[in-house]
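Numbering (the numbering used here), first residue to last: 160 to 430.
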């Protein structure tokens, strides 16, 4: 696939409030097609708000100099947005009916629902695409199984497959390894690596350093609702930078292109 560099997301001086609480302030960010990116930050840094802005589930305060553009457009139709951006968000798992069959879960992605409702009849072409994705994610044998019968790792692979149902240009993953055991986490990381290698523009939003795959080309630090720094993984993922980001001393262990943070030495004033 030919590498693309055009900007798909432009945020400029964004301020978002919800329930009289300021979620982000003066948030600015550009993301490009063809550039797998990790957005890293502690809890409460604005990561979930960013994803809701992308999904158009939250809207910024209207003010001079503030702008949100998706694929160069300030106004984009919801259907076009779903076709161009696939999202795995942390809330979706809780919204899918426990008894919904696997095949229905993935097909519901065409309609933006959590299961097929009355009048939602996927075409033969859509069914074939769903079957291809189930095979790609090693879920074909589970297509009649209920959602509640899947392991956490199988659920996560299914939801990523669902996010890819429209063959989007961008795949946004919100804490994709959340609550997974080591084996399931490692399986998922291989899936993310493979997607990056296949040319999918993956944006991984996380607070877990050890889940950043080697294929990431850019890392953005988010803290207190603002981008505080960004650059290549080599430049960004250092002990000093990460200790500052998470406000705690860290030491890094590196192997096979991955990094693991372990507690560093505390000064007496930090105890």
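Even for Gly, the Cβ is constructed at its ideal location relative to N, Cα and C.
For this session: Output yes or no for whether 9 Å exceeds the beta carbon distance between residue 219 and residue 175.
Result: yes
Exercise. Among the residues of its own chain, which have a CB less than 6 Å from the CB of residue 243, if the five just before and after it don't count?
Worked result: 327, 328
Problem set entry | Whether residue 379 touches residue 197 by CB criterion (9 Å) | Their beta carbons are under 9 Å apart, which means residue 379 touches residue 197 by this criterion.
Exercise. Does the Cβ-Cβ distance between residue 315 and residue 347 come in under 9 Å?
Worked result: yes
Exercise. Between residue 160 and the rest of its own chain, which residues show a CB-CB distance below 7 Å, the 5 nearest in sequence each way excluded?
Worked result: Its pLDDT being 39, under 50, residue 160 is placed unreliably in this model, and the value from its coordinates should be taken loosely. Same-chain partners within the cutoff: 358.
Exercise. So, helix, strand or coil for residue 311, using DSSP?
Worked result: Residue state, collapsed to three classes: helix.
Exercise. Is residue 359 helix, strand or coil when you go by DSSP?
Worked result: coil
Exercise. Where DSSP assigns a beta bridge to residue 176, which residues make up the other side?
Worked result: 181
For this session: Locate the beta strand (DSSP E) running through residue 413, then write down its first and last residues.
Result: Membership of residue 413 in the beta strand (DSSP E) is indicated by the continuous run 409-414.
Exercise. Residue range of the alpha helix (DSSP H) that residue 402 falls in?
Worked result: 398-405
For this session: Using a threshold of 9 Å, state whether the C-beta atoms of residue 199 and residue 365 are closer than that.
Result: yes
Exercise. Which value, in whole angstroms, describes the spacing of the CA atoms of residue 262 and residue 289?
Worked result: 8 Å
For this session: Mind checking which residues open and close the beta strand (DSSP E) that includes residue 199?
Result: 196-199
Exercise. How big is the Cα-Cα spacing for residue 238 and residue 252?
Worked result: 22 Å
Exercise. Is the beta carbon of residue 166 sitting closer than 9 Å to the one on residue 182?
Worked result: no
Problem set entry | Counterpart residues of residue 393 in DSSP-defined beta bridges | Its beta-bridge partners do not exist; DSSP assigns none.
For this session: My understanding is that residue 173 touches residue 186, with C-beta atoms under 8 Å, so please give their C-beta distance in whole angstroms.
Result: 4 Å
Exercise. Where DSSP assigns a beta bridge to residue 241, which residues make up the other side?
Worked result: Residue 241 pairs with nothing; no bridge assigned.
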